[in-house]
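J.:
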Amino acid sequence: MTASSSSPTPMTFAAAPALSGSVTVPGDKSISHRSLMLSALAVGESRVEGLLEGEDVLATAAAMRAMGADIERDADGIWHVHGVGVGGLLQPETALDMGNSGTSTRLLMGLLASHDLTATFIGDASLSKRPMARVTEPLARMGASFTTSPGDRLPLTMRGACPAVPLDYRLPVASAQVKSAILLAGLNTPGITRVVEPIPTRDHSERMLRGFGAELNVEVEDDGTRIITLVGEAELKPQQIVVPGDPSSAAFPMVAALLVPGSRVTIANVGLNATRAGLIDLLREMGGSIEVTNSREVGGEPVGDLVVTASALNGVEPDPARAPSMIDEYPVAFIAAALAQGRSIFRGLDELRVKESDRIATMAAGLRAIGVSVEELEDGIIIEGSGGALLAGGGPIATKLDHRIAMSFAVAGLVSRDGVTIDDMAPVATSFPTFVPLLRTLGAVA
Numbered sequence: 001m002t003a004s005s006s007s008p009t010p011m012t013f014a015a016a017p018a019l020s021g022s023v024t025v026p027g028d029k030s031i032s033h034r035s036l037m038l039s040a041l042a043v044g045e046s047r048v049e050g051l052l053e054g055e056d057v058l059a060t061a062a063a064m065r066a067m068g069a070d071i072e073r074d075a076d077g078i079w080h081v082h083g084v085g086v087g088g089l090l091q092p093e094t095a096l097d098m099g100n101s102g103t104s105t106r107l108l109m110g111l112l113a114s115h116d117l118t119a120t121f122i123g124d125a126s127l128s129k130r131p132m133a134r135v136t137e138p139l140a141r142m143g144a145s146f147t148t149s150p151g152d153r154l155p156l157t158m159r160g161a162c163p164a165v166p167l168d169y170r171l172p173v174a175s176a177q178v179k180s181a182i183l184l185a186g187l188n189t190p191g192i193t194r195v196v197e198p199i200p201t202r203d204h205s206e207r208m209l210r211g212f213g214a215e216l217n218v219e220v221e222d223d224g225t226r227i228i229t230l231v232g233e234a235e236l237k238p239q240q241i242v243v244p245g246d247p248s249s250a251a252f253p254m255v256a257a258l259l260v261p262g263s264r265v266t267i268a269n270v271g272l273n274a275t276r277a278g279l280i281d282l283l284r285e286m287g288g289s290i291e292v293t294n295s296r297e298v299g300g301e302p303v304g305d306l307v308v309t310a311s312a313l314n315g316v317e318p319d320p321a322r323a324p325s326m327i328d329e330y331p332v333a334f335i336a337a338a339l340a341q342g343r344s345i346f347r348g349l350d351e352l353r354v355k356e357s358d359r360i361a362t363m364a365a366g367l368r369a370i371g372v373s374v375e376e377l378e379d380g381i382i383i384e385g386s387g388g389a390l391l392a393g394g395g396p397i398a399t400k401l402d403h404r405i406a407m408s409f410a411v412a413g414l415v416s417r418d419g420v421t422i423d424d425m426a427p428v429a430t431s432f433p434t435f436v437p438l439l440r441t442l443g444a445v446a
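So this is what it looks like as structure tokens:
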């Protein structure tokens, strides 16, 4: 059942005793999406272990099945994908329902842009409000054509181009989704596709494309600009993939452990890719005790265990250039700032306006509702911290069908006087279906 079709599930989260224990979080969502897509384009069987089985990733699996890939999960939780080869995707018979998943939508649009087929993308109410022009514009340059709803939104129908035209594209905004869409389109495009990335974003696509055998090169200039080139008409080889724990999901128990007095929590097997580690750096700068143990590499991705101990936090004004490395973690970072000593100022967060909700406006409204003094900026937010004092609490918080808003205010409830009520926890199933049971394991009252 998708978040759009389920009944609202309100829930109240109350002040928690010290959290303790060792937990794991679901597999990385970004890597899970890409593992299914690239496995579906390889010839032969790929095996994926630790796949995130949330609704967003299941939407990707359903879409790849609809275009000819054989995807099955065995009794041990291993996913087996028999691919069709680059260029071998079939015309889907019905519209591709992306549910709440912007990543599925934008990456699949790239994947299909260089295939001779037509596909219609639909999604839930939240996804249907998200703009797609940042992806359709470069893909149209490669030859794909699009018919979109007003505002370049879903429902959207696209017609791929075969052969597509290789593109040399400089990203106007820092977006791993746009970068990945262009690279995926380049897989079945003759010639060299080139993406220039002035501000580095998560590099899972580059790592995984190389792992599957694509000819991909990354050059880094003195100013940090990354130039990514991909040789088209690639032949991908099947892989065995182990998906690390999602750092964006680990963010919630990490912040909860820092904020609830007396807590000490271990979060095992977390992906520590440098392009995703911004929140850890930020929380440490605020005074948070976060130790990385058992560092290792799994499937080309750095992984480790996080030992998090309750800490007194201080306000912070992070460099806006950090945004791409923690863009999905800002909502829960705002909760940390609400408990810190002093003022925190977050800027350069324009991207948060076009997520599952307008995350700046939605977080600002929710923080005010639970007694936090905030000022909303065009590109960010100013938060006056409580100095460690419990938040007043209240609600119900309007989450706007946004899973990260729901989980962020659940964490706030654990350090509130009167508890925090969330209007709907159902969207959490898109990325973290085990969120509430995990809090219970740590001893939180939920």
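According to the UniProt record's numbering, the sequence shown is numbered sequentially starting from 1. For every residue, glycine included, the Cβ atom is placed at its ideal position computed from N, Cα and C.
(1) Give me, in chain order, the residues of the same chain whose beta-carbon lies closer than 7 Å to that of P261; leave out the 5 immediate sequence neighbours on both sides.
(2) From the DSSP output, in three-state form, read off Q177 for me.
(3) Does M98 come out as helix, strand or coil in the three-state DSSP assignment?
(4) Which one of E197, T399, T189, L377 has the shortest CA to CA distance from Q177?
(5) L283 and I290 look like a contact to me (Cβ under 8 Å); what is the Cβ gap, rounded to whole Å?
(6) Would DSSP call L438 helix, strand or coil?
(7) Go to P138, then tell me how far its alpha helix (DSSP H) extends in each direction, as first and last residue.
(8) Could you tell me if L111 is buried or exposed, where buried requires 16 or more neighbouring beta carbons within 10 angstroms of its beta carbon?
(9) Pair every Cβ in the segment 240-260 with every Cβ in the segment 424-441, then say whether three or more of these pairs are closer than 8 Å.
(10) How close, in whole Å, do the beta carbons of I60 and H33 come, if the pair is a contact with beta carbons under 8 Å?
(11) With DSSP as the reference, identify every bridge partner of residue 447, one or two as the case may be.
(12) Just grab the DSSP bridge partners of I182 for me.
(13) Quick check on this structure: which residue in T189, E53, L313 has the alpha carbon closest to the alpha carbon of D116?
(14) Determine the direct distance from the alpha carbon of S46 to that of P138, and round the result to whole angstroms.
(15) Output yes or no for whether 8 Å exceeds the beta carbon distance between S180 and R153.
(16) Which value, in whole angstroms, describes the spacing of the CA atoms of I397 and W79?
(17) Going residue by residue through the segment 41-94, where are the continuous alpha helix (DSSP H) segments of at least 4 residues, counting only ones entirely within it?
(18) Would you mind reading off the limits of the alpha helix (DSSP H) that contains D281?
(19) If distances are taken between C-alpha atoms only, which option among S408, G271, R130, S295 comes closest to R353?
(20) Using the Cα positions of C162 and S205, report the straight-line distance between them to the nearest angstrom.
(21) Let me make sure I understand the geometry here. Which of P26, A257, A14, F146 has the alpha-carbon closest to that of P244?
(22) Closest to V428 by CA distance: which of S101, G211, G44, G380 is it?
(23) For E215, report the span of its beta strand (DSSP E) as first-last.
(24) The alpha helix (DSSP H) that contains L339, what's its start and end?
(25) Can you give the Cα-Cα distance for I405 and G191, rounded to whole angstroms?
(26) Decide if N269 is buried, meaning its Cβ has at least 16 other Cβ atoms within 10 Å, or exposed.
(27) To the nearest angstrom, how far is it from the Cα of L38 to the Cα of P172?
(28) Let's test the definition: count the other Cβ atoms within 10 Å of the Cβ of V420 and tell me whether it reaches 16, buried, or not, exposed.
(29) Quick test of the definition: if touching needs 3 or more C-beta pairs under 8 Å, does the segment 312-330 touch the segment 368-375?
(30) What whole-angstrom Cβ distance do A164 and M142 have, given they're in contact under 8 Å?
(31) With distances taken from CA atoms, which of I31, A321, M158, A185 is nearest I298?
(32) Across which residues does DSSP place M302 in a beta bridge pair?
(33) So T441 packs on G21, CB below 8 Å; how close in whole Å?
(34) Taking buried to mean at least 16 other C-beta atoms within 10 Å of its own C-beta, is K355 buried or exposed?
(35) Measure the alpha-carbon distance for S7 versus A426 and round it to whole angstroms.
(36) Short of 6 Å in beta carbon distance, which residues of its chain neighbour A214, apart from the five on each side in sequence? Order them along the chain.
T.: This is what the structure gives:
(1) A18, A310
(2) helix
(3) coil
(4) E197
(5) 6 Å
(6) helix
(7) 133-141
(8) buried
(9) yes
(10) A small fix is needed here, since residue 60 is Thr in this sequence, not Ile. Between H33 and T60 the Cβ distance is about 5 Å, and since that is below 8 Å, they are a contact.
(11) The question about residue 447 has no answer, for the chain in this structure spans 1 to 446.
(12) Looking at the DSSP assignment, I182 forms no beta bridge with any residue, so it has no partner.
(13) T189
(14) 30 Å
(15) no
(16) 37 Å
(17) 55-66
(18) 278-285
(19) R130
(20) 22 Å
(21) P26
(22) S101
(23) Unbroken run through E215: none, as it is neither H nor E.
(24) 330-339
(25) 42 Å
(26) buried
(27) 26 Å
(28) buried
(29) no
(30) 5 Å
(31) With the sequence shown as reference, residue 298 is identified as Val, and Ile is not the correct amino acid for it. Selected option, being the one with the closest Cα: I31.
(32) Checking the sequence, you will find Pro at residue 302 rather than Met. DSSP, once it has assigned bridges, lists E297 as partnering P302.
(33) 6 Å
(34) buried
(35) 8 Å
(36) A234
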